[in-house]
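Read the structure below first, then the notes.
Residue numbers (our numbering): 280 to 413.
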């Protein structure tokens with residue numbers, strides 16, 4: 280891996296992602312641009328690539344064909360709402376039986392991702408209200 284110098288733009292991208300959670304590159308761009316209007320979309324994408332490559336950021340999924348980034352790189356699961364696209368972190372979910380079985384069989388698991396899909400509480404409530412109105 281090539282050693283890269285630290286830049287202000289990279290720090291702005293990382294700080295925004297740490298502060299606001301699961302965001303697309305365009306969401307990050309719009310938020311950073313509010314304080315730093317000279318930043319370009321290309322700069323945000325380039326820095327997200329560097330941050331992902333260095334392990335400081337991970338891609339956690341896709342929403343409406345956009346990659347969603349997460350500054351949390353510890354092992355944790357996600358829940359994605361199929362209606363609104365919001366992504367929630369899930370705490371306390373450890374290695375699965377599949378991983379334990381694989382490792383017991385002599386395999387080595389280097390990465391584990393668990394993403395659950397469904398409807399969030401807000402979308403369920405909205406759907407329930409719409410159903411009762413009709």
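Built from N, CA and C at the ideal position, the CB exists for glycine as well.
#### Entry: Limits of the unbroken beta strand (DSSP E) element including residue 347
Taken as a continuous stretch (DSSP letters only), the beta strand (DSSP E) holding residue 347 covers 345-349.
### Query
Is it right to say residue 347 is buried, meaning 16 or more other beta carbons lie within 10 angstroms of its own, or is it exposed?
Flag for residue 347 reads buried.
#### Entry: Rounded Cβ spacing between residue 397 and residue 361 (contact assumed at less than 8 Å)
With a Cβ gap of about 7 Å, residue 397 and residue 361 count as contacting.
### Message
By alpha-carbon positions, which one of 294, 379, 296, 364 ends up nearest to residue 402?
### Response
Comparing Cα-Cα distances from residue 402 to each of 294, 379, 296, 364, the minimum goes to 364.
### Task
Return the CA-CA distance between residue 370 and residue 311, expressed in angstroms with no decimal places.
If you take the alpha carbons of residue 370 and residue 311, they lie about 28 Å apart.
### Task
Might you give, ordered along the chain, the residues of its own chain that have their beta carbon closer than 7 Å to the beta carbon of residue 288, omitting 5 neighbours on each side?
If we look at residue 288 and ignore the five residues flanking it on each side, its Cβ neighbours are 318, 322, 326.
#### Entry: Buried versus exposed, by CB contacts within 10 Å (16 or more), residue 305
By the 10 Å Cβ count, residue 305 comes out exposed.
### Message
Just to check my reading of the structure: residue 489 and residue 336 have Cβ atoms closer than 8 Å, yes? What is that Cβ distance to the nearest angstrom?
### Response
Since the displayed the chain opens at 280 and closes at 413, residue 489 lies outside it and no answer follows.
### Neighbourhood of residue 388 by C-beta distance below 7 Å, restricted to the same chain and skipping five residues each side
So the qualifying residues of the chain are 378, 381, 382.
### Task
Check whether the Cβ atoms of residue 367 and residue 355 lie closer than 8 Å to each other.
Between residue 367 and residue 355, the CB-CB gap reaches or exceeds 8 Å.
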